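Positions 254 to 370 (the numbering used here) are the ones given, in order, by the sequence shown.
The C-beta atom is built at its ideal place from N, Cα and C for all residues, glycine as well.
Everything numeric in this text was worked out from a predicted model, so none of it was measured.
What follows is a set of notes on a single structure, which appears directly below.
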Amino acid sequence: MGISHYGKQKGDWVRLRPLVKDALLAGAWLYHKPTGKWWTPEEFEEYYNSQALCNHDIDQLLENTIIRHASSGIAAGEKQIMNEAIQYSLKVAALKEKLEAFKLKDRLYRESKGKHL
Numbered sequence: 254m255g256i257s258h259y260g261k262q263k264g265d266w267v268r269l270r271p272l273v274k275d276a277l278l279a280g281a282w283l284y285h286k287p288t289g290k291w292w293t294p295e296e297f298e299e300y301y302n303s304q305a306l307c308n309h310d311i312d313q314l315l316e317n318t319i320i321r322h323a324s325s326g327i328a329a330g331e332k333q334i335m336n337e338a339i340q341y342s343l344k345v346a347a348l349k350e351k352l353e354a355f356k357l358k359d360r361l362y363r364e365s366k367g368k369h370l
């Protein structure tokens, strides 16, 4: 299904203003869920106020932008780093295990052939 006639019409930035105002009052940031981008309320306002947005664009921003405190983003980022570090450690351990198994297989093969290098 395509964008409706209403959705294609030029949007009005004023529809986004309450989102910015609420973030300012909360001392919080704006987080765009699909892109993972964080905006200060001022950055958000400056950027989107200068864009030619249609109603569909504004609807999407209102649906996908939430007010969050930076501390939640920092905690999420730290958790993501920890999870990535764990996954990396597991991958390295698996590679080391595979390498040791190959080295053992090579040593046993050479010993069985009487070829000590």
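How far does the beta strand (DSSP E) with residue i in it reach, from first residue to last?
i, result
"Arg360", "Where Arg360 is concerned, there is no enclosing beta strand (DSSP E), although the alpha helix (DSSP H) it sits in stretches over Ala323 to Ser365."
Give the DSSP bridge partners of residue i, in chain order.
i, result
"His285", "Lys290 and Thr318"
"Lys263", "Cys307"
Please work out which residues of its chain come closer than 6 Å, Cβ to Cβ, to residue i, disregarding the five sequence neighbours upstream and downstream, and give them in chain order.
i, result
"Glu298", "Val273"
"Met335", "none"
"Ala306", "Note that residue 306 is Leu in the sequence shown here, rather than Ala. So the qualifying residues of the chain are Gly264."
Who are the near neighbours of residue i in its chain, counting only those whose CB is closer than 8 Å to its CB and skipping five residues on each side?
i, result
"Arg268", "Ile311 and Leu315"
"Lys261", "Cys307, Asn308 and His309"
"Leu357", "none"
Considering just the uninterrupted stretch of the alpha helix (DSSP H) at residue i, what are its terminal residues?
i, result
"Leu272", "Arg270 to Ala279"
Can you round the beta-carbon distance between residue i and residue j to whole angstroms, since I take them to be within the 8 Å contact cut?
i, j, result
"Gly326", "Trp292", "Not confirmed; about 11 Å, so no contact."
"Trp266", "Tyr300", "Trp266 to Tyr300, Cβ: 11 Å. No contact."
Who are the Cβ neighbours of residue i in its own chain at under 7 Å, not counting the five residues just before and after it?
i, result
"Ala276", "Trp282, Leu283, Pro294 and Ile320"
"Gln340", "none"
"Lys366", "none"
query = Counting pairs of Cβ atoms below 8 Å between the stretch 347 to 365 and the stretch 304 to 319, do you hit three or more?
reply = Counting C-beta pairs closer than 8 Å gives fewer than three between the stretch 347 to 365 and the stretch 304 to 319, which falls short of the contact rule.
Any 3 or more C-beta pairs closer than 8 Å across the stretch 271 to 285 and the stretch 314 to 331 = The stretch 271 to 285 makes contact with the stretch 314 to 331: 3 or more CB pairs, one atom from each, lie closer than 8 Å.
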